[in-house]
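Reading through the structure tokens given below for one structure.
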Ligand code: MIC
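In the numbering used here, the protein residues as written are 11 to 683.
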């Protein structure tokens, strides 16, 4: 049967289960990625797994998020991570070297490989044909300890791309168009596979933008075939041997279909406060802007910055606007410096930032109160910029540059002809000296890991009781993001290694006293609407509620990564059978989940919640593995139990990378057509 590319790569890595949408499968993983804001917690949990060395063939720790060094906290984390990486066998990319997603595509991602990363935008590496999936830190730590990655087998959406971009329309418009059609949960449990003749018009920088923001659809990931564009990229990155041609078979089957004709696209923009709130730019043109930010983990490649520079060459940024520009990596910084793009931007008045996530996660450059900020970033959840009353629009570099020039949101087609862009320096400066190798195994044992005073052990849940009685601590609406549970920004994110402190900010946008109330009401329940926990992979959005005594979250539906993070941390994730029952839950009510332990043990797909003669049915949409995790009280307790039951070794024995990679897997390398 003609196979799509996703199926080919997944089959090659399949360890357990069947590739039937919704069935839990175990995948062998070739690479893992941590960044600093999720990395410390992942590492602290990895330490509890009793493994001496990372067990995946390739692991890397980046430092790009918590970059502002207001006090000791962030640099203490960086120091911890550097020592940890050296000791346990990870590469370590130093702060300022670049944004993890961009760097990973430049230096390490490979066609046909699997990558799991503690960041929802790990998906970016799909740009060069990897199956790259974001997960919570504990789930990544498990993979680092040699376990397969367990996930529901996704549906595969075939996105056929035809046509050519009209002037000023860019690859960002492809992903904004998919978001316009499907919204922020329209990709749940799906992988988007791109194919078709239009792909020759999307370079790797453009594919990076599309695969990065596939996460905004709630998708598992996105993937491009590995073609001539990929070959050129790998050659420019001096990694020709990492290239292999990969594509779907001619006439391959997909579970769902999309068609994007590039010639029909127009410049698009996502309005506040959701990446799914997309309209043509002309609908909001004329809106006064106070800030324009170009770059971050999307639209920070050479071509993105070069077009902005071409628009601004010889001009000055509008007096009402402050503009920032962030290159994706040190390599891009070097390319824009050598090609003159940097000086065009500086002369126009742009504030040039270092290659780190920066304003995208509220790490500096917060906009003024109530002001419009036009950004080429990937998320605009309320308050993410650092300003609680922000009005953030997400768009393309061409729209952003035109807006910087005019001071109001501007359709770039009004500027006339598409400008000539400078050539990228033919040879990008490939230089891995900012990526440190781990220590040799015989030296690793002697490495001490320094722990600053802000680095605290992760909390652990209690065992699940037979009957659970818990109080509703809060009822929240649809599409609540993890940014409401563990907010972005310099202040809060500096507590990523300290759950008791970060928990003080939980739901602060809805109720600044929430953390105190939740602790008084414990054990507690959170009641959510649709797509609860959308956005990031940060497991702090589960760890902080755990610290506050939350035992269950009941929602109309969940975002993929957050639901898994709750389960991994031993918090029940249950769904309303009838969405109307959501109305019956109010803050302060005590609900009982009778016999909850036995029901999970028996594999019941429905459980009851009761109070004062009222009874509602909740769905326990949980795999067999998830039930065991919940019964054991989270993954860490489960591992401890397993260790106690295996006195012969006294520790968890992960399957070795060699053993896992051995075996007769089919070759996915079958060219399309
Ligand atoms: C994001 O873009 O939301 C982040 C910040 O990169 C997060 C990771 C984090 O919260 O540390 C993500 O995408 O998972």
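Just so you know, even glycine gets a beta-carbon here, dropped at the ideal spot from N, CA and C. Keep in mind it's a predicted model, so treat the numbers as computed, not measured.
TODO: Ignoring anything shorter than 4 residues or poking outside the stretch 131 to 212, list the alpha helix (DSSP H) runs there in chain order.
DONE: Fully enclosed alpha helix (DSSP H) runs of 4 or longer: 147 to 154 and 181 to 192.
- Query: Going by other Cβ atoms of all chains shown within 10 Å of its Cβ, with 16 needed for buried, is residue 659 buried or exposed?
  - Reply: Caution applies to residue 659, whose pLDDT of 44 falls short of 50 and renders its modelled position unreliable; the model cannot decide the point.
TODO: Note down, in chain order, each residue of its chain lying with its Cβ closer than 6 Å to the Cβ of residue 417, except the 5 sequence neighbours on either side.
DONE: Excluding residues up to 5 positions away in sequence, 328, 330 and 331 lie with their Cβ nearer than 6 Å to the Cβ of residue 417 in the same chain.
(message) Extract the residue ranges of the alpha helix (DSSP H) inside the stretch 473 to 531, only unbroken runs of 4 or more that lie entirely within it.
(response) As summarised for the stretch 473 to 531, the continuous alpha helix (DSSP H) elements at least 4 residues long and confined to that stretch are 492 to 495, 500 to 503, 509 to 512 and 524 to 531, given in chain order.
By the 10 Å Cβ neighbour count, where 16 or more other Cβ atoms means buried, how is residue 409 classified, buried or exposed?
It counts as buried.
Are the stretch 29 to 49 and the stretch 124 to 131 touching, with three or more C-beta to C-beta distances below 8 Å?
Contact between the stretch 29 to 49 and the stretch 124 to 131 is established, with three or more Cβ pairs separated by less than 8 Å.
The ligand MIC heavy atom lying under 7 Å from the CB of residue 552:
No, the ligand MIC has no heavy atom inside 7 Å of this Cβ.
Run of the beta strand (DSSP E) containing residue 290, from where it starts to where it stops: That run of the beta strand (DSSP E) goes 288 to 290.
* Residue nearest to residue 473 in terms of C-alpha spacing, selected from 527, 301, 538 and 646 -> If we check each option's Cα against that of residue 473, 646 comes out closest.
Residue 51 by DSSP, collapsed to three states: which one?
Here residue 51 carries a helix assignment [DSSP, helix/strand/coil].
Closer than 6 Å by C-beta to residue 609: which residues in its own chain qualify, once you throw out the five before and the five after it? Chain order, please.
Around residue 609: 617.
Please determine whether the Cβ atom of residue 305 lies at a distance below 7 Å from any heavy atom of the ligand MIC. No, the beta carbon of residue 305 sits no closer than 7 Å to any heavy atom of the ligand MIC.
Identify every run of the alpha helix (DSSP H) within the stretch 560 to 628, keeping only runs that are complete inside it and at least 4 residues long; order them along the chain.
Listed in chain order, the alpha helix (DSSP H) runs fully inside the stretch 560 to 628 are 570 to 578 and 606 to 611, counting runs of at least 4 residues.
Note to self: Please state whether the Cβ-Cβ distance between residue 362 and residue 75 is less than 8 Å.
What the structure shows: Note that the C-beta distance between residue 362 and residue 75 is not below 8 Å.
- Give the DSSP bridge partners of residue 68, in chain order. Answer by DSSP bridge pairing, in chain order: 41.
Let's test the definition: count the other Cβ atoms within 10 Å of the Cβ of residue 625 and tell me whether it reaches 16, buried, or not, exposed. Answer is exposed; the Cβ neighbour count stays below 16.
- Proximity below 8 Å, CB of residue 527 to CB of residue 483: For residue 527 and residue 483, yes; Cβs fall inside 8 Å.
If the criterion is Cβ atoms closer than 8 Å, does the pair residue 129 and residue 144 meet it? Annotated as proximal: residue 129 and residue 144, with beta-carbon spacing under 8 Å.
- Any non-hydrogen atom of the ligand MIC closer than 7 Å to residue 548 Cβ: It does: the Cβ of residue 548 is within 7 Å (strictly closer) of some heavy atom of the ligand MIC.
What are the partner residues of residue 383, as DSSP defines its beta bridges?
As a beta-bridge residue in DSSP terms, residue 383 pairs with 301 and 402.
Report task. Give the single residue among 568, 582, 594 and 506 whose Cα lies nearest to the Cα of residue 86. Result -> Residue 86 has its Cα closest to that of 506, out of 568, 582, 594 and 506.
Task: Integer-rounded CB distance, given that residue 475 should sit under 8 Å from residue 607 - done: Confirmed, about 7 Å.
Residue range of the beta strand (DSSP E) that includes residue 12: Per DSSP, residue 12 belongs to no beta strand (DSSP E) and is neither H nor E.
Item checked: Collapsed DSSP secondary structure at residue 537 in the structure displayed -> It is a strand residue.
Out of 231, 397 and 210, which has the shortest C-alpha to C-alpha gap to residue 301?
Among 231, 397 and 210, the Cα nearest to that of residue 301 belongs to 397.
When the Cα atoms are used, what is the spatial distance from residue 572 to residue 426? The alpha-carbon separation between residue 572 and residue 426 amounts to approximately 45 Å.
**OP:** With a 10 Å radius around its C-beta and 16 neighbouring C-beta atoms as the bar for buried, classify residue 596 as buried or exposed.
**Re:** Taking all protein chains shown into account, residue 596 has fewer than 16 neighbouring C-beta atoms within 10 Å of its C-beta and is therefore exposed.
Exercise for review: Tell me, please, whether the stretch 268 to 278 touches the stretch 216 to 232 by the rule of three or more beta-carbon pairs shorter than 8 Å.
Suggested key: Touching, no.
Under 8 Å between the Cβ atoms of residue 628 and residue 615?
Cβ atoms of residue 628 and residue 615: not closer than 8 Å.
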